[in-house]
């Protein structure tokens, strides 16, 4: 098995050390999610907005006879809304039996990396970044920040309180609210 993210492509000595990540983008930032947590990539979709929902809820989208709630990665990161169409990834939270969509600007390819390459979050990150990010991989194309789908589920985001709507309609990321 080959590993990406180094100057040259190396062999991974222990296959249990390898993890496959789906690369995705919000703005110019690159993120990765373990491919075992992605049920399906729906591609570009028109979302139906949900009135009075928190800013991190992008809307709902039909999915195999169900209505799927979607989470907007840009809103969680405090970025401005994307003007074009967005891609939706269907995420499956096995432990909570929860299925939801993750709205991103674009989906890249699958990259296999060594778990040992994962570096800790920097101590300078704000509270919501520390909570959302599991660390980062140094890749040739830049940093790939690892996201944990369990932390991105709508029910978890509502419980945490880091991403509540503020009085001005934006997202308040202060940990004491």
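Numbering (the numbering used here), first residue to last: 1 to 177.
Note that beta-carbon positions come from the ideal geometry of N, C-alpha and C, so glycine has one too.
In this structure, the alpha-carbon of residue 142 lies about 27 Å from that of residue 70. The beta carbon of residue 103 sits closer than 6 Å to those of 58, 70, 72, 86, 88, all from its chain and outside the five residues before and after it, given in chain order. In the three-state reduction of the DSSP assignment, residue 62 falls in the strand class, which pools E and B.
Looking at 105, 44, 140, 68, the one whose alpha-carbon comes closest to that of residue 98 is 68.
When Cβ pairs closer than 8 Å are counted between the two stretches, the region 35 to 42 is seen not to touch the region 121 to 139, the count staying below three. Close CB contacts of residue 151 within its chain, under the 7 Å cut and outside five residues either way in sequence, are with 131, 132 (chain order).
Boundaries of the beta strand (DSSP E) harbouring residue 93: 86 to 93, taken from the DSSP string. CA-to-CA, the gap between residue 123 and residue 61 works out to about 37 Å.
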